[in-house]
Each structure stands twice: as structure tokens, then as C-alpha cells.
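All residue numbers for the sequence shown refer to my numbering, where the first residue is 11 and numbers rise by one.
Note that CB positions come from ideal geometry on N, CA and C, so glycine has one too.
The structure appears below as C-alpha cells.
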Amino acid sequence: MTQTVKDLYPARYYAGYDTTAPQPTPVTAWYDTWEMSSLSAVPPASNLLPISAEDWQNTTNFRKPTGKAVQNGSIVDYTPPPAPLSTQAYYALQQAATTSWAEYGMFGETPPAAWQTYLSALRAISNGTDTLSTQLPTFGTEQSVTTSGSAASTSMQNATEQGGA
């Protein structure tokens, strides 16, 4: 005798999440198991959190692509923690390097010292050379690029004027 979808997934609507992660843990998928053509990629119902039909229909405040997590058997609002500073620096460096290249490098010009200092400070945080900083360096009008524990300090032009970081 073959089990039916309704036998395997009696609640019909489910939230998927990492059952081994500490909670709150983000919702990773929403499933309407009775309407799926294949259940091969769906975890067993015992590893999912059943949700009501009313919650399933609420795509404005409840069933959203992000911002929800599972905690103690309930769906809760969730804001993920910020990425580690080194990861933030990596992405800021990519953006700043692209801007610096577009403004100076592709024209055979050397970026001003302020840009070089800013890029160097981001690179040091990104690659782990600077382990004392607790925030990213700033890049703004008459502001210093300072990171806690970093020697980088210089006056900078406004990043938005430069189209930069």
C-alpha cells in the first residue's frame, strides 16, 4: 500500500528550517505539500513546522521570503546578525576598488592618497591583518579614516561625490 501525500504531510502547509541550528533559526523554505508535483526535495514532515492555512495565505506579514525564523515551535520575526567585520570589509573593499578603478585606474591615473589609505584600511580588516578594528573605516567629507587600532588616518573627500563606498 502506497502512502499518499496527505498521509505523509497531513498539515499541508509547512515552514522548512535547519532543525540542528540554534534557535531562532531562519525559515529556509515554505511548502504547500499537497500542490507539489514532486516531494523528493522536501524534508519529512517531522523536520518541518506545520503552519495554518490562514498564515499560509498571509504573504504580506507572515509568509515572506526573508525575516522569519522558527523559535520554540513558532514562527517569529527575525533579523539576522550582521556579517563579521572581515566579511563586511571584503564587500566594502570590492565596491571601493571598483569605484577607484573607474575613477582613476582605467585612465592610467594613480588614486589620491586618501583613496589608497581607505582601500588599505579595508584590505587590512578583510584579510585579518587588522584584528583590532571594531568598525569599518569611514569615507566622508573632512572625516578621518579611523579604525580602532589602525594607523590609517587621513582627510577624505565625500564618497558620494566620488560615486564611492
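key: Cutoff 6 angstroms; reference residue 61; Cβ partners in own chain excluding five residues on either side   = Counted from its first residue, the sequence shown places residue 61 at position 51. Only 23, 25 meet the Cβ criterion.
request  = Assuming residue 147 and residue 132 form a contact by the criterion Cβ under 8 angstroms, report the distance between their Cβ atoms to the nearest whole angstrom.
outcome  = Counting from one through the sequence shown, the residue named residue 147 turns up at place 137. Counting from one through the sequence shown, the residue named residue 132 turns up at place 122. Rounded to the nearest angstrom, the Cβ distance from residue 147 to residue 132 is 7 angstroms, consistent with a contact under 8 angstroms.
message = My output table needs one value for residue 15: the three-state DSSP class, helix, strand or coil.
response = Numbered from its first residue, the sequence shown carries residue 15 at position 5. In the structure shown, residue 15 sits in a helix (DSSP, three-state: H, G or I).
request  = Report yes if the C-beta distance between residue 88 and residue 74 is below 8 angstroms; otherwise report no.
outcome  = Within the sequence shown, residue 88 is the residue found at index 78, counting from 1. Within the sequence shown, residue 74 is the residue found at index 64, counting from 1. Not in contact: residue 88 and residue 74 (Cβ atoms no closer than 8 angstroms).
message = So residue 136 and residue 114 are supposed to be a Cβ contact under 8 angstroms. How far apart are they, rounded?
response = The sequence position of residue 136 within the sequence shown is 126, counting from 1. The sequence position of residue 114 within the sequence shown is 104, counting from 1. For residue 136 against residue 114, the beta-carbon gap comes to about 20 angstroms, at or over 8 angstroms, which does not count as contact.
Cβ separation of residue 27 and residue 49, assumed to be a contact under 8 angstroms, to the nearest whole Å = Mapped onto the sequence shown, residue 27 falls at position 17. Mapped onto the sequence shown, residue 49 falls at position 39. Not really, about 17 angstroms apart at Cβ, beyond 8 angstroms.
request  = Identify whether residue 23 lies in helix, strand or coil by the three-state DSSP scheme.
outcome  = Reading the sequence shown from its first residue, position 13 is the one you call residue 23. Three-state result, residue 23: strand.
request  = Check the C-beta distance from residue 52 over to residue 43 and give it rounded, since I have them as a contact under 8 angstroms.
outcome  = Translated into the one-based positions of the sequence shown, residue 52 becomes position 42. Translated into the one-based positions of the sequence shown, residue 43 becomes position 33. Their Cβ separation, rounded to whole angstroms, is 6 angstroms, which keeps residue 52 and residue 43 in contact under 8 angstroms.
query = Taking the Cβ atom as the reference point for each residue, do residue 129 and residue 95 lie within a distance shorter than 8 angstroms?
reply = The sequence position of residue 129 within the sequence shown is 119, counting from 1. The sequence position of residue 95 within the sequence shown is 85, counting from 1. For the pair residue 129 and residue 95, the CB atoms are not nearer than the 8 angstroms cut-off.
query = Which one or two residues does DSSP pair with residue 54 in a beta bridge?
reply = For this step, residue 54 is matched to residue 44 along the sequence shown. DSSP, once it has assigned bridges, lists no residue as partnering residue 54.
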